[in-house]
């Protein structure tokens with residue numbers, strides 16, 4: 002009997018600790034919250050999306066300028082960007098938790114003013130998994146892990162929709178016309194790997210390297226993924242007319258909204274994979 | 013090492029350096045040093061002719077344009093610290109590019125019309141020329157060089173502020189703007205090379221025609237006038253040369269700093285020429301400088317590319333520092 | 119006024135305003151050809167301004183005629199070939215070689231393009247030898263001392279080979295031997311039929327000229343031969359009798375009155 006009571010007490014203690022909402026953010030700072038937060042401010046679009054996916058959308062009271070999904074958050078007050086967060090308005094909303102990117106300049110200021118701040122910035126898939134768990138814990142969402150499984154399953158399901166014949170297609174994903182590319186090490190690169198295609202830009206160059214355009218011509222990718230504006234000028238780039246993707250017209254171009262889905266390391270990754278798979282399948286070399 | 017006395021010798025040295033760098037430029041690619049002419053095959057020829065050669069020549073031409081414009085600026089304003097961006101052309105180009113990016117982003121429909129046809133290069137060129145025109149208007153003509161200088165500084169600052177404002181309103185364009193501002197020769201094709209070459213020849217001819225007037229100006233406005241130099245038309249033509257040259261260079265390769273400032277000084281450190289020699293020599297020196305920076309930018313971290321503007325500052329500034337150390341100015 | 123002597127430069131009612139204030143009040147001047155005239159006066163009298171206005175380097179009201187024709191009838195280059203001007207403190211040009219600076223004096227004779235002609239080279243050499251700077255023709259202007267520089271600039275004005283030679287404070291930085299060299303140069307120019315007009319504040323040197331124009335407060339107070347007593351008295355008057363003109367060893371000299 003004593004054993005059982007001791008065990009029960011221990012269990013309660015553990016449960017109590019879990020209930021106390023303790024999270025360690027990217028800086029390694031441990032955050033203690035007495036209650037699950039009810040007034041949350043997020044200053045990163047992917048964090049906004051994750052909070053909403055975890056079912057805590059109604060607890061959001063303020064967002065950054067670029068958060069635009071899901072639709073219900075568009076009514077919320079906007080508090081600036083990464084570098085020009087409006088401290089006054091943040092304080093005025095009386096949040097009990099502010100979620101920021103690690104590179105934000107508002108961190109020190111807000112903490113000095115007594116606000117609870119957690120810096121979380123998912124850049125890769127493993128980051129995403131970790132941040133998801135942390136958020137689930139601090140928001141006290143009981144089925145956090147289960148939701149994550151559903152997300153992963155969605156990604157796998159979308160990835161499986163790629164016709165087997167297209168596995169191993171070489172892809173070049175351009176993020177910016179300098180040109181900056183997304184390599185294997187980036188979030189986009191990880192998703193491409195899940196789909197089963199090959200990224201021509203190796204991971205050792207960094208996640209978003211600025212390339213010599215000649216590199217792409219040599220790599221001769223079969224498919225190019227790029228923004229719709231830059232897609233128009235691909236033919237005028239010297240030497241790019243020889244690339245298979247350009248010759249065969251296998252260019253996947255994405256508009257601004259789709260670009261958001263692809264570039265943000267967030268819970269819409271299944272949708273991102275879907276976009277890429279759809280495009281690959283549609284523009285398969287039928288010849 | 014005694015300084016080279018003859019401008020002709022210096023010209024030959026610079027031409028030789030240009031040739032060597034051209035060979036290097038054609039030999040450096042995404043894998044570092046790899047002379048593709050030793051290998052056969054369609055792909056190698058294409059890489060050589062379509063990508064590396066126009067890029068190398070374009071870099072040299074852009075540098076030559078900037079060096080020429082720098083020499084003209086220093087002669088026109090009688091100031092060794094003058095650079096070709098003095099009349100606001102740099103920030104004018106930046107503003108033009110920013111506005112175009114916003115228009116493209118705001119309405120993809122418009123992107124298929126004249127806006128898209130104009131392209132980034134057209135917008136940059138238009139912005140640069142517009143800024144110079146505003147400077148001329150502010151200074152109420154070309155009579156007073158001091159007023160021109162002040163107006164140029166003001167226009168440069170104001171247009172820069174406007175460009176920053178545009179970036180603030182539409183932060184989506186920041187990535188593209190940064191690429192433009194840091195400078196790259198990555199996408200120069202034969203069309204760009206042709207354009208740069210044509211503008212270079214026209215500007216060099218015009219500037220050399222007025223080289224005696226520039227020399228006379230160095231004795232002071234009144235003396236130049238007493239020698240029969242028509243100050244007004246001379247200034248208009250020279251400012252036109254500056255605007256065209258910097259506008260064309262900035263439009264094709266982005267904002268490359270320092271070349272216009274440093275190239276004439278490098279020439280003057282070696283010889284003491286009149287403008288008839290200084291102008292073409294400064295152009296040669298500018299071409300060599302930019303091409304060297306470009307080759308290094310491609311080589312050091314292949315297949316990644318450093319922004320060329322960073323290397324021009326390091327190369328040009330470093331050499332100037334070394335010169336100052338060796339012979340006190 | 120010397121009747122019968124042709125006039126090289128004629129000014130009628132020349133007014134100049136600088137920065138809102140009138141600096142020259144209706145100046146009439148007839149500069150005799152083939153003579154050396156000098157303009158003297160206290161500081162701020164408007165001497166340099168008059169010189170610049172006559173050379174068309176300052177906007178002015180009133181008429182100026184050069185060699186009988188109104189100046190507006192002359193083209194830029196014609197005027198530059200006829201009137202050579204040497205200013206005060208001609209700055210800049212540190213990097214140019216001395217011979218290149220002097221060659222600039224040939225600008226009015228040169229076409230747009232094309233190299234310097236043999237006449238140009240001959241003129242440059244002659245000018246530099248007259249001012250004794252031919253030996254260091256390949257030195258840059260910035261490396262010369264004040265006096266050497268002034269000689270190069272003087273050579274530049276001489277190289278124009280213009281019949282009218284107008285000089286503003288040409289003796290700046292020149293030591294006495296070179297000042298007498300300058301005297302010789304001006305005399306030779308006049309002997310060859312040229313006209314010289316110089317603004318000088320060294321009164322003793324000015325008294326070597328043929329004619330003297332005395333200015334004060336933006337107007338011409340007296341014009342006459344340098345040897346005339348009337349000129350001397352006018353000179354003493356404009357300087358408030360703080361100088362006296364005396365004869366010394368056959369020359370007129372100006373000495374301060376204690």
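Protein chains in written order, with our numbering: chain A, 2 to 288; chain B, 13 to 341; chain C, 119 to 376.
A virtual CB, placed ideally from N, CA and C, is assigned to each residue, including glycine.
Based on the DSSP output, what are the partners of residue i in its beta bridges?
{"i": "residue 179 of chain C", "result": "C/133"}
{"i": "residue 308 of chain C", "result": "According to DSSP, which records beta bridges pairwise, residue 308 of chain C is partnered with nothing at all."}
{"i": "residue 43 of chain A", "result": "A/100"}
{"i": "residue 150 of chain C", "result": "C/125"}
{"i": "residue 61 of chain A", "result": "A/41"}
{"i": "residue 316 of chain B", "result": "A/212"}
{"i": "residue 341 of chain C", "result": "C/331"}
{"i": "residue 142 of chain C", "result": "C/134"}
{"i": "residue 119 of chain A", "result": "A/100"}
{"i": "residue 155 of chain C", "result": "C/315, C/329"}
{"i": "residue 369 of chain C", "result": "C/366"}
{"i": "residue 31 of chain A", "result": "A/25"}
{"i": "residue 200 of chain A", "result": "A/172"}
Name, please, each residue of chain B whose Cβ falls closer than 7 Å to the Cβ of residue i.
{"i": "residue 175 of chain C", "result": "234, 237, 238"}
{"i": "residue 216 of chain A", "result": "42, 315"}
{"i": "residue 211 of chain A", "result": "316, 317"}
What residues in its chain sit with their C-beta under 8 Å from that of residue i, if we drop five residues either side in the sequence?
{"i": "residue 88 of chain A", "result": "107, 110, 111, 114"}
{"i": "residue 114 of chain B", "result": "178, 181, 182, 185"}
{"i": "residue 244 of chain B", "result": "153, 154, 155"}
{"i": "residue 301 of chain C", "result": "323, 326"}
{"i": "residue 135 of chain C", "result": "141"}
{"i": "residue 196 of chain B", "result": "265, 266, 317, 319, 320"}
At a CB-CB cut-off below 8 Å, which residues of chain A make contact with residue i?
{"i": "residue 200 of chain B", "result": "239"}
{"i": "residue 66 of chain B", "result": "239"}
{"i": "residue 106 of chain B", "result": "Correct list: empty, because the minimum Cβ distance to chain A is about 15 Å."}
For residue i, return the contacting residues in chain C, with the cut-off set at a CB-CB distance below 7 Å.
{"i": "residue 286 of chain B", "result": "214, 218"}
{"i": "residue 18 of chain B", "result": "Neighbours of residue 18 of chain B on chain C: none; closest Cβ ~11 Å, over 7 Å."}
{"i": "residue 231 of chain B", "result": "208, 210, 211, 222"}
Cutting at 6 Å between CB atoms, please list the residues of its own chain near residue i, excluding the five before and the five after it.
{"i": "residue 121 of chain B", "result": "With a pLDDT of 47 at residue 121 of chain B, under the threshold of 50, the modelled position of this residue cannot be trusted; read the value that follows with caution. Answer for residue 121 of chain B: no residue qualifies."}
{"i": "residue 46 of chain A", "result": "67, 68, 265"}
{"i": "residue 106 of chain B", "result": "175"}
{"i": "residue 201 of chain A", "result": "171, 173, 220, 222"}
Identify the contact partners of residue i in chain B, using a Cβ-Cβ distance below 9 Å as the criterion.
{"i": "residue 230 of chain C", "result": "221, 222, 224"}
{"i": "residue 219 of chain A", "result": "41, 42, 43, 55, 59, 315"}
Could you check whether the Cβ of residue i sits closer than 8 Å to any Cβ belonging to chain E?
{"i": "residue 196 of chain B", "result": "No chain E is part of this structure, whose protein chains are labelled A, B and C."}
By Cβ distance, which residues of its chain are closer than 7 Å to residue i, with the 5 residues on each side in sequence left out?
{"i": "residue 166 of chain A", "result": "none"}
{"i": "residue 123 of chain B", "result": "Because residue 123 of chain B carries a pLDDT of 47, less than 50, the predicted location of this residue cannot be relied on, and no value is offered for it."}
{"i": "residue 28 of chain B", "result": "none"}
{"i": "residue 268 of chain C", "result": "290, 291, 292"}
Run through chain A and tell me which residues come within less than 7 Å of residue i, C-beta to C-beta.
{"i": "residue 62 of chain B", "result": "239, 240"}
{"i": "residue 183 of chain B", "result": "82"}
{"i": "residue 188 of chain B", "result": "177, 178"}
Determine the chain B residues that contact residue i at a beta-carbon separation under 8 Å, and present them in chain order.
{"i": "residue 197 of chain C", "result": "240"}
{"i": "residue 170 of chain C", "result": "234"}
Below 9 Å on C-beta distance, what does residue i contact in chain A?
{"i": "residue 191 of chain B", "result": "177, 178, 179, 180, 181, 211"}
Who are the neighbours of residue i on chain C, taking C-beta pairs under 8 Å?
{"i": "residue 159 of chain B", "result": "In chain order: nothing, as chain C lies at least about 15 Å away."}
Query - Sufficient close CB pairs (3 or more, under 8 Å) joining the stretch 309–318 of chain C to the stretch 146–157 of chain C - result: yes
Query raised in the report: With contact counted as at least three CB pairs below 8 Å, one residue from each stretch, are the stretch 279–289 of chain B and the stretch 218–236 of chain B in contact?
Result: yes
**Report entry** Contact the stretch 137–144 of chain C vs the stretch 303–320 of chain B: 3+ CB pairs below 8 Å
**Finding:** Too few Cβ pairs lie closer than 8 Å, so no.
Query raised in the report: Okay, do the stretch 216–225 of chain A and the stretch 233–243 of chain B touch, 3+ Cβ pairs below 8 Å being the bar?
Result: no
Report task. Write down every uninterrupted run of the alpha helix (DSSP H) in the stretch 160–230 of chain C whose length is 4 residues or greater and which is fully enclosed by it, in chain order. Result -> 165–172, 194–200, 216–221
Requested in this report: Would you check if the stretch 175–193 of chain A and the stretch 18–34 of chain B touch, i.e. whether three or more CB-CB distances between them fall below 8 Å?
Outcome: Output reads no: the stretch 175–193 of chain A does not touch the stretch 18–34 of chain B.
**Report entry** the stretch 276–286 of chain C / the stretch 321–339 of chain B touching (three or more Cβ pairs under 8 Å)
**Finding:** A contact between stretches requires three or more CB pairs, one per stretch, nearer than 8 Å, and the stretch 276–286 of chain C fails this requirement with the stretch 321–339 of chain B.
Requested in this report: Inspect the CB distances between the stretch 124–131 of chain C and the stretch 242–259 of chain A and report whether three or more fall short of 8 Å.
Outcome: no
Query raised in the report: If you pair each beta-carbon of the stretch 69–85 of chain B with each one of the stretch 272–281 of chain B, do three or more pairs fall below 8 Å?
Result: yes
**Report entry** Start-end ranges of the alpha helix (DSSP H) lying completely within the stretch 160–247 of chain B, minimum 4 residues
**Finding:** 186–194, 202–221, 223–229, 233–238
Query raised in the report: Is the stretch 277–296 of chain C close to the stretch 200–207 of chain C, with three or more CB pairs under 8 Å?
Result: yes
Query raised in the report: Considering only residues of the stretch 253–334 of chain C, which uninterrupted alpha helix (DSSP H) runs meet the minimum length of 4 residues and lie entirely inside it, listed in chain order?
Result: Qualifying alpha helix (DSSP H) stretches, in chain order: 264–277, 294–309, 321–324.
**Report entry** Length-filtered (4 minimum) alpha helix (DSSP H) runs lying within the stretch 36–96 of chain B
**Finding:** 54–58, 65–88
Query - Entirely enclosed beta strand (DSSP E) segments - the stretch 118–156 of chain A, minimum 3 residues - result: 118–120
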